[in-house]
Structures are given as structure tokens and as C-alpha cells.
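Novice:
In the numbering used here, the protein residues as written are 85 to 499.
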């Protein structure tokens, strides 16, 4: 029978107070909750009492040593009334205090019967059970065994912690070594790609140097002409010719300056490519970068293979905004892909039965997609073999070619 709310609250409060007196080993208050012939059964065989005096004595001798060290949590208390009796069933988590630390002990079950008397509700019978193999005869709670288990656990934790710390130190040392090796591999790869660039750079530098030398020689000849004209008498001197020669010298000096700067830019680019990158992103002209590495790759390939013959084109979107990238790394990516493209079309052009109409071609193009810039490198080579198409994204797989008409696409967000 469900109890009235007021009565249920009153009895529940009384029930909780009872356990407070039990956990604090307050013998006097504890015994005040029982009728004289109160009967109680505990977990061990000796925990059987047929009156409140016996129960009180047991509390004083066995529970008092653990006073303040037992606590019920997550309590599920249910009450039901039958005539003038109230049956109380509780399940709760029992925690015990071991060296100042509350530790989960076990799930406890309590069944009680209370009866209304002239002095209020009293316990007439109770059974408390800890389903626990650690409790020995004469103990209410197996604290000593728990304490020993905790000590063993602490020692095991210490040993495991020491092992993990050693493993962690080894991992940290391994990571340091891997980072060092990675840095060396990156620099080695940079130097390898620099070797690929050497022939192309030599060709690229030779062009502006030729212009500088040629215009310098022409300039010297023009100055000689001016000196010859200046040596004439004022009447015989052709001032118009002198002005034209001086204008030509000025134009030649301007061209020398232009090509000198071009050679300087190539050398700087080579140095930037060879030195260890700081990884700092800077605003970069993608069209200029792609154009430079396309020509360097082409001339480098041509220098290595005199029979190499191919055409390359650019299709750059005009007025592209600069993109925030690491120029050395971006250039290395472009160089590797473009080299691969030239290698693919060169192999196809030299097959045993070359296609009569085959004209090797590599196209580098850029597009402004609004929030990003697309770089496409297209060639009309043989494409990726079907057998490895599903592996092209695997680490360390050698770079192969895309199908004819397809391209490698890179997208870089705008600044």
C-alpha cells in the first residue's frame, strides 16, 4: 500500500537518521530506533541478534572502529505500508574511507520492517547484506583487505607509471630523431630538385647574359661612333646623328638593366630554392612562379636529353591576386609535376611505334575561382595505368600520369 506523502517523508527522514547513527557508531541514538525484541541479520554468520541490546553491543565493538569511514551513496529507498507496518527496501553504493580517500566498496542491500508504537516508528526487524567476499567473520566491512588491495594497486600503478614514463621518453627521443631525419630528407629532396633545375637555370641565365653582352658590345661601338663624330669640326659634325646614337645607347642601357635584373631574379630564385625554408608564407604571384618553373623544367629536361622535343603553353588568368604560400615549397611542387609531365610525353614520343600525329604538349594554366586560385598542369601523355589508379594517394607511391586530357589540379585560397 502506498503511504501518504507526509508519512513517507517522515519515515524516510527517520530511516536516514538511523543510518547516520549507525555510521557514526552513536550507540545510544542507534538503539533508540529499535523495539526491545528487535531482530537483525547481517552479512557474516555471527551477525545475528534477537534484541536491541545485542545489536548495540555489536555496534560498540565492531562498528565503532570504522566510525565515520562508511557512507551510502546513490541510495534507492522504497517504502510500502501493510497494516501498521512499513516495509523499507534499499539498494545503495557503499563507499569506505581509506587513508582519506573515499573508495567504492560494493553494492549494499537493506530490508527493514518498522512498526508504529506509542513512542513513534521503531525498527522491529532488519537485514543488511554486503555481497562481498572480502568481509571476514567478525567484520562489518573488510577495510583491512581493501587497504591491502589498494596498496597493491598503488604499487602496480607506480610500476606501470614508471614503465609508461620510460616508454614516453623513448617515444619523445624517437620523435626528435624522426623530426631531424625528416628535416634532412626535406633538405635532401630540395637539393635533388635543385639538381633538376641546374641545367634549366644555366639556360635561363645564359639568355639575359647574352643580351647584356651583346648590348654592351653594341653600346661600345655606338660610343666609338659618337667619339668619331665629336672629333669632327662643328660645321662637319652631324648633331642629329649624335642625338640618335645617344638615344640608342640609352635604350641599350635600359635593356641591359632589364636583363641584368632578370639574371639577378633567376639567381635569387635558385638560392631561395636551395636554402632551408622557414616555412613562412608570403604573398606570391602564382602566374610568375608557374611560368618560371615551367621554363626551368623544360630547359632542364632539354639539357639532359638533346633529343627531347616538346611544346609547352601557358593559359594564365589575367590580374590574379597574390596568394599567401611558401614560394620554395610551391615551386618544388610545380617543378616535380611539370618534370613528370615532360617525362611522360617524352616516353610516349619515343615508343617503338610512335603515333604519326602525336605532338607532345604540356599546358600550365591558372583560373580565378573567386575564393581560390586553381593551377592545372595538363599533358597528352599515356596516363596512369589502371592497375595502380586506386593507389595514387598512397604514401611513397611514385608519381604516375593522369589519363590523356586530364590534369593535376591544385587549389590555393586567395589572400
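Think of the CB as a built atom: it goes at the ideal place given N, C-alpha and C, for glycine as much as any other residue.
(1) Helix, strand or coil, according to DSSP, for residue 367 in the structure here?
(2) Near residue 141, which residues of its chain fall below 6 angstroms by C-beta distance, leaving aside the five closest residues on each side in sequence?
(3) For the beta strand (DSSP E) that contains residue 398, what are its first and last residues?
(4) Here's a check: name, in chain order, each residue in its chain whose Cβ is nearer than 7 angstroms to the Cβ of residue 116, leaving out the five neighbours to either side.
(5) Give me, in chain order, the residues of the same chain whose beta-carbon lies closer than 8 angstroms to that of residue 96; leave out the 5 immediate sequence neighbours on both sides.
(6) On the DSSP bridge assignment, give the partners of residue 502 in chain order.
(7) Compute the Euclidean distance between the alpha carbons of residue 250 and residue 449, then round it to the nearest angstrom.
(8) Taking the alpha-carbon of residue 409 as reference, which of 158, 371, 365 has the nearest alpha-carbon?
(9) For residue 85, does the count of other Cβ atoms within 10 angstroms reach 16, so buried, or fall short, so exposed?
(10) In three-state DSSP terms, what is residue 241?
(11) List in chain order: all unbroken beta strand (DSSP E) runs of 3+ residues lying wholly within the segment 111-151.
(12) Can you have a look at residue 371 and say buried or exposed, based on whether 16 or more other CB atoms are within 10 angstroms of its CB?
(13) By how many angstroms is the C-alpha of residue 206 removed from the C-alpha of residue 122?
(14) Buried or exposed for residue 130, please, with buried defined as at least 16 other CB atoms from any protein chain shown within 10 angstroms of its CB.
(15) By Cβ distance, which residues of its chain are closer than 7 angstroms to residue 302, with the 5 residues on each side in sequence left out?
(16) Could you give the C-beta distance for residue 442 and residue 453, rounded to a whole number, given that I count them as a contact under 8 angstroms?
(17) Please determine if the segment 403-417 and the segment 383-391 are in contact, where contact requires at least 3 C-beta pairs separated by less than 8 angstroms.
(18) For a test of the three-state rule: what should DSSP assign to residue 417, helix, strand or coil?
(19) For residue 339, tell me which candidate among 159, 297, 319 has the shortest Cα-Cα distance.
(20) Quick one: using the 10 Å Cβ neighbour count with 16 as the cut-off for buried, is residue 470 buried or exposed?
(21) For residue 312, is the classification buried or exposed, using 16 other Cβ atoms within 10 angstroms of its Cβ as the cut-off for buried?
(22) Determine whether the Cβ of residue 139 lies closer than 8 angstroms to any Cβ atom of chain D.
(23) For residue 109, name the three-state secondary structure that DSSP assigns.
(24) Does DSSP classify residue 191 as helix, strand or coil?
(25) If we ignore side chains and look at the alpha-carbon of each, how far apart do residue 367 and residue 373 end up?
Specialist: Quick look at the numbers:
(1) strand
(2) none
(3) 395-399
(4) none
(5) 161, 163
(6) Outside the displayed span of the chain (85 to 499) sits residue 502, for which this structure offers no information.
(7) 53 angstroms
(8) 365
(9) exposed
(10) helix
(11) 118-125
(12) buried
(13) 9 angstroms
(14) exposed
(15) 336
(16) Residue 442 to residue 453, Cβ: 32 angstroms. No contact.
(17) no
(18) helix
(19) 297
(20) exposed
(21) exposed
(22) Structure shown: chain D not included; a single protein chain is present.
(23) coil
(24) strand
(25) 12 angstroms
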